[in-house]
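Notes for the one structure printed next.
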C-alpha cells in the first residue's frame, strides 16, 4: 500500500497504523514459533503424534513474509486415544485445559483449548477437523475419516526442527470448511486460500480435492468458497473443478437452523455439571435431551437434503433453503427444537415439488386444499444414553405462495427470553414428557421477480454475514436464467418498504455477475446510495470470555433444581449444595458471583478497535493514530465492494 492524493489512496495515518500492526504481528509470530517448537519437541519426547493445522504452515510457507499472516492460537491435531498423555504433557509446560468437563468433551467433542497464563499462549488441541453435527458415533451425514488426513501428512521443516503438516489437498479442503464455519465473515480467511492456491499452483491434485469434497458431502462448501476466492482475488482455477463440484443447492443454509445450537447444547452439559453439580438422574436427563436434539437434527438435514436432490434430479432448476437457529440452547424439552425452515422454489416448479414430496415418503394431510405434508420416523441411535429409546421426529411441510410472507422478519429469541421461558415452564410444573421433535418446513412458491426481491432485500438488510448471505442470491442467478420484469421488482420493493434493502442487495451481487445480468439503470434504485459494506470489522468482543459466567452459573443451578424430580430429592440437592455435604458448597459462591458480576457489568468501559486484535501483544503496539475518513469510491466489482 502507498499513500497518495486520490480518493482511493491510503491516508498516511492509516499506513502508520497498519505498519504498527504489521510489526506487532511479526513480533507475536516469532514468539509463537518458539512455543510451537517447545510443544512439538515435548510431544516427540513423550511419543505423542501431533500435526500442525493451518496457521503455522500458512505463515511459514505460503505467505512470503510471516508478518503478513497473524497467528492467534496454535492449532494442533492429535490422536484421540493419546489425549491423556497430551493433557499431562501440556500441564508440565504450564498449559491449563479450558474445558468444563473433559469426559464429556472426549465423548462428544472434537477438541478444546489449553491456555498458558504465564505468557497468554493458547493451543487448540483437536482430534478431528469436521464436526457439523456433533456425530460421535458415525451415524451422521458428514462422517469425516481423520485417519485419511494422518495418512497423507508429511514433515515440514521450521527453522531447526520439523513438524507434521497435512497434504496440500487436505489442507485446502480444511481451509474451505474453516471459511464456511466462520460464515465468510473474515477477509483474511479468503486471502489464505488465494495465497495457498497460488503457492501450490501446478502441484495441487485437484482431482483429490474434488474427491474429498464429494466423499464427505461438502461439494457446496468447497464450491462456493472457491467461487468467492476466484472472483475476489483473480485466482485461476481449473474449469473442471467448479463444474464437478457444482452442488444441487447451497447446503450451508441448513447448518445454522439445524446445527448451530448443538455446540452450545453440548457445552451446556459441562457447564451444568461444573456450576450446578446436579444429581446423577438429572444429569442423565439433560444428556438425553441434548443427544435427542442431535439425532433429530441429523435426520431433518438428511430429509431436506434428499428433497433438494430429488427436486433437481426431477428437472427442478432452483431450490433455496433458509432458516433461523433453534431456540433450544438449554437441554429442556419446552424449547422448540427447530424454527420454521423455508424452501424457496418458483411457482412454475411447484407441481414438481409436490411429486418430489410424495417420492420422498411424505403424506398429504387431509384434502388437497390444505397442502400440508407430513413424515414421521423413529430414529435409532447407537449412543449409550439413548440405547433402546428411539427419537420420534415429525417433519411437516406446508405449501405457501403468499409473496409478502418471506419478507416478514422473524427474529431469533434472545437468550434472556429463552431463560425466562424455561424458568416459567419449570415453575409451572411442566416436565419432559414429550420426546417428539417437530420440524416445520414451509415450501414458498414465488414468481421469479418475487423470489429475487426477497433474496436481495434480505441480503441488503443484513448487518452481518453478508458474503455468506450473498450465496443464496448467487444461487438464484445460477438456477434461473429466464427474463425478469425489473420494473415490477422495483415497484414491489417500494410497496413493501424494502427499497433500500433491494438496492444494497443488488449492488452486492452485481460484482459477481456478468455486466448485462442486471440492467445498469436498476443498480441504483436509490439515488446517492453508497456501496454497501460486505464485511464487518470485528466479531470477537474482548469481554465475551466470562462476562455472563456468574449469571449463567446461577441460572443453571436454578434450572437443575426445578428439573429435579421429587420433593425429597430437591431438598437433598439444596442441602448438599448449600452446606457442602460430601462436596464443596455451591450456593454461597453463586450468590457472591452474581453480585460481583452485576457490579462489573455496570462498570464496563468502551473497548477500542485495537483490543479486538486478540492475536497481538498489547505492549508491542504503539498508541492508536488518528485515522482519517476515507471517501468511499463507487463499487463496480466484487473486489471493490469489500
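In our numbering, the protein residues as written are 1 to 642. Every residue gets a Cβ at the ideal spot worked out from N, C-alpha and C, and that includes glycine.
Quiz item: Do the segment 268 to 285 and the segment 302 to 314 meet, that is, are 3 or more Cβ pairs less than 8 Å apart?
Solution: In short, these stretches do not touch, since the Cβ pair count stays below three.
Quiz prompt | Short CB-CB distance (under 8 Å) between residue 88 and chain C | solution = You won't find chain C in this structure, because it holds only one protein chain.
Self-check item: Bounding residues of the alpha helix (DSSP H) (the contiguous stretch that carries residue 233)
Solution: For this step, residue 233 is matched to residue 233 along the chain shown. Here the alpha helix (DSSP H) through residue 233 covers 219 to 233.
Quiz item: Closest to residue 163 by CA distance: which of 89, 109, 229, 43 is it?
Solution: Taking the first residue of the chain shown as position 1, residue 163 is located at position 163. Of the candidates 89, 109, 229, 43, the one whose C-alpha sits nearest the C-alpha of residue 163 is 43.
Quiz item: Looking at residue 451 and residue 476, is the spacing between their C-beta atoms short of 8 Å?
Solution: In the chain shown, residue 476 corresponds to position 476, counting from 1. In the chain shown, residue 451 corresponds to position 451, counting from 1. Against a cut-off of 8 Å, the Cβ pair of residue 451 and residue 476 comes out as a contact.
Practice problem: Express the C-alpha separation of residue 353 and residue 339 in angstroms, rounding to a whole number. | Solution: As a working mapping, residue 339 is identified with position 339 in the chain shown. As a working mapping, residue 353 is identified with position 353 in the chain shown. Residue 339 and residue 353: Cα-Cα distance of roughly 21 Å.
Quiz item: Which of helix, strand or coil does DSSP assign to residue 288?
Solution: As a position in the chain shown, residue 288 is number 288, starting the count at 1. Residue 288: helix per DSSP, three-state reduction.
Practice problem: Name, in chain order, the residues that DSSP records as bridge partners for residue 75. | Solution: Walking along the chain shown from the start, residue 75 turns up at place 75. According to DSSP, residue pairing for residue 75 in a beta bridge involves 124.
Quiz prompt | Range covered by the beta strand (DSSP E) that runs through residue 54 | solution = Here residue 54 corresponds to residue number 54 of the chain shown, with the count starting at 1. No residue range can be given for residue 54, since it is assigned to no beta strand (DSSP E) and is classified by DSSP as neither H nor E.
Quiz item: By Cβ distance, which residues of its chain are closer than 7 Å to residue 109, with the 5 residues on each side in sequence left out?
Solution: Residue mapping note: residue 109 aligns to position 109 of the chain shown, counting from 1. Closer than 7 Å at the Cβ level, and outside the excluded window around residue 109, lie 266.
Quiz item: Would the beta-carbon of residue 429 fall within 8 Å of that of residue 298?
Solution: Residue 429 sits at position 429 when you count from the first residue of the chain shown. Residue 298 sits at position 298 when you count from the first residue of the chain shown. Not a contact, by the Cβ cut-off of 8 Å.
Quiz item: So, are the CB atoms of residue 316 and residue 256 less than 8 Å apart?
Solution: For this step, residue 316 is matched to residue 316 along the chain shown. For this step, residue 256 is matched to residue 256 along the chain shown. Residue 256 is positioned such that its CB atom lies no closer than 8 Å to that of residue 316.
Quiz item: Going by alpha carbons, who is nearest to residue 83 out of 106, 68, 101?
Solution: Here the question's residue 83 lines up with position 83 in the chain shown. For the residues 106, 68, 101, the minimum Cα distance to residue 83 belongs to 106.
Quiz item: Cα separation between residue 394 and residue 420?
Solution: For the purposes of this step, residue 394 is taken as residue 394 along the chain shown, with counting starting at 1. For the purposes of this step, residue 420 is taken as residue 420 along the chain shown, with counting starting at 1. The C-alpha of residue 420 is placed about 27 Å away from the C-alpha of residue 394.
Practice problem: Quick one: which unbroken beta strand (DSSP E) runs of 3-plus residues sit fully inside the segment 342 to 366? Chain order, please. | Solution: Here no run is fully enclosed.
Quiz prompt | Outcome for residue 205 when other beta-carbon atoms lying within 10 angstroms are tallied against a minimum of 16 | solution = Locating residue 205 in the chain shown gives position 205, where the first residue counts as 1. By the Cβ neighbour-count rule, residue 205 is exposed, with fewer than 16 other Cβ atoms within 10 Å of its own.
Quiz item: Does the Cβ-Cβ distance between residue 328 and residue 253 come in under 8 Å?
Solution: As a first step, residue 328 is located in the chain shown; it is residue number 328 there, counting from the start. As a first step, residue 253 is located in the chain shown; it is residue number 253 there, counting from the start. Against a cut-off of 8 Å, the Cβ pair of residue 253 and residue 328 comes out as no contact.
Quiz item: Where do the N-terminal and C-terminal ends of the beta strand (DSSP E) with residue 396 fall, by residue?
Solution: Residue 396 sits at position 396 when you count from the first residue of the chain shown. Where residue 396 is concerned, the enclosing beta strand (DSSP E) stretches over 391 to 400.
Self-check item: Terminal residues of the beta strand (DSSP E) in which residue 184 lies
Solution: Working through the chain shown from its first residue, we reach residue 184 at position 184. Note, residue 184: premise wrong, no beta strand (DSSP E); not H, not E.
Self-check item: Same chain, Cβ closer than 6 Å to residue 225, neighbours up to 5 away in sequence not counted
Solution: Locating residue 225 in the chain shown gives position 225, counting from the first residue. Same-chain partners within the cutoff: 176, 179.
Quiz item: Is DSSP giving residue 543 helix, strand or coil here?
Solution: Along the chain shown, read from residue 1 onward, the residue named residue 543 stands at position 543. Note that residue 543 scores a pLDDT of 48, beneath 50, so its modelled location is shaky and nothing firm can be said.
Quiz item: Which runs of the alpha helix (DSSP H) spanning at least 4 residues fall entirely within the segment 150 to 195, listed in chain order?
Solution: Every alpha helix (DSSP H) of 4 residues or more that sits fully in the segment 150 to 195 is shown, in chain order, as 168 to 181.
Quiz item: residue 441: buried (16+ other C-beta within 10 angstroms of its C-beta) or exposed?
Solution: Your numbering for residue 441 matches position 441 in the chain shown. With 16 or more other Cβ atoms from the protein chains shown falling within 10 Å of its own Cβ, residue 441 counts as buried.
Self-check item: Cutoff 7 Å; reference residue 556; Cβ partners in own chain excluding five residues on either side
Solution: To locate residue 556, count along the chain shown from 1; it is residue 556. Closer than 7 Å at the Cβ level, and outside the excluded window around residue 556, lie 271, 272, 275, 276.
Self-check item: Cβ contact check for the segment 124 to 143 and the segment 71 to 91: 3 or more pairs under 8 Å
Solution: Yes, since at least three Cβ pairs between the segment 124 to 143 and the segment 71 to 91 fall closer than 8 Å, the two stretches touch.
Self-check item: For residue 454, three-class secondary structure by DSSP
Solution: In the chain shown, the residue the question calls residue 454 occupies position 454. Assigned with DSSP and collapsed to three states, residue 454 falls in helix.
Quiz item: With distances taken from CA atoms, which of 57, 558, 12, 50 is nearest residue 32?
Solution: For the purposes of this step, residue 32 is taken as residue 32 along the chain shown, with counting starting at 1. Measuring C-alpha to C-alpha distances from residue 32 to each of 57, 558, 12, 50 identifies 57 as the nearest.
Quiz item: What distance in whole Å lies between the Cβ atoms of residue 318 and residue 480, which are believed to be in contact at a cut-off of 8 Å?
Solution: On the chain shown, position 480 is the one that residue 480 refers to. On the chain shown, position 318 is the one that residue 318 refers to. Going by Cβ atoms, the distance from residue 480 to residue 318 rounds to 5 Å, so yes, they are a contact pair.
Quiz item: What are the start and end residues of the alpha helix (DSSP H) that includes residue 584?
Solution: Counting from 1 along the chain shown, the entry for residue 584 is found at position 584. Looking at the DSSP string, residue 584 is not in any alpha helix (DSSP H), and its letter there is neither H nor E.
Self-check item: Whole-angstrom distance between residue 391 and residue 307, CA atom to CA atom
Solution: Translated into the one-based positions of the chain shown, residue 307 becomes position 307. Translated into the one-based positions of the chain shown, residue 391 becomes position 391. The C-alpha of residue 307 lies about 21 Å from the C-alpha of residue 391.
Practice problem: Could you please give me the residues that DSSP links to residue 373 through a beta bridge? | Solution: Taking the chain shown and counting its residues from 1, the one referred to as residue 373 is at position 373. Residue pairing by DSSP puts residue 373 in a beta bridge opposite 364, 397.
Quiz item: Per DSSP, which one or two residues make a beta bridge with residue 111?
Solution: The count along the chain shown starts at 1 and reaches residue 111 at position 111. Beta-bridge pairing links residue 111 to 126.
Quiz item: Going by alpha carbons, who is nearest to residue 375 out of 364, 382, 219?
Solution: Reading the chain shown from its first residue, position 375 is the one you call residue 375. Checked all of 364, 382, 219; the closest Cα to residue 375 is 364.
Quiz item: How should residue 240 be labelled, buried or exposed, when 16 other C-beta atoms within 10 angstroms of its C-beta is the threshold for buried?
Solution: As a position in the chain shown, residue 240 is number 240, starting the count at 1. Sixteen is the threshold: since fewer than 16 other Cβ atoms of the shown chains lie within 10 Å of the Cβ of residue 240, the residue is exposed.
Self-check item: Helix, strand or coil at residue 412 according to DSSP, with G and I counted as helix
Solution: Numbered from 1 along the chain shown, position 412 holds the residue referred to as residue 412. Annotated three-state conformation of residue 412 is coil, per DSSP.
Quiz prompt | CA-to-CA distance, residue 212 to residue 19, given in whole angstroms | solution = In the chain shown, counting from the first residue as 1, residue 19 sits at position 19. In the chain shown, counting from the first residue as 1, residue 212 sits at position 212. Between residue 19 and residue 212, the C-alpha separation is close to 39 Å.
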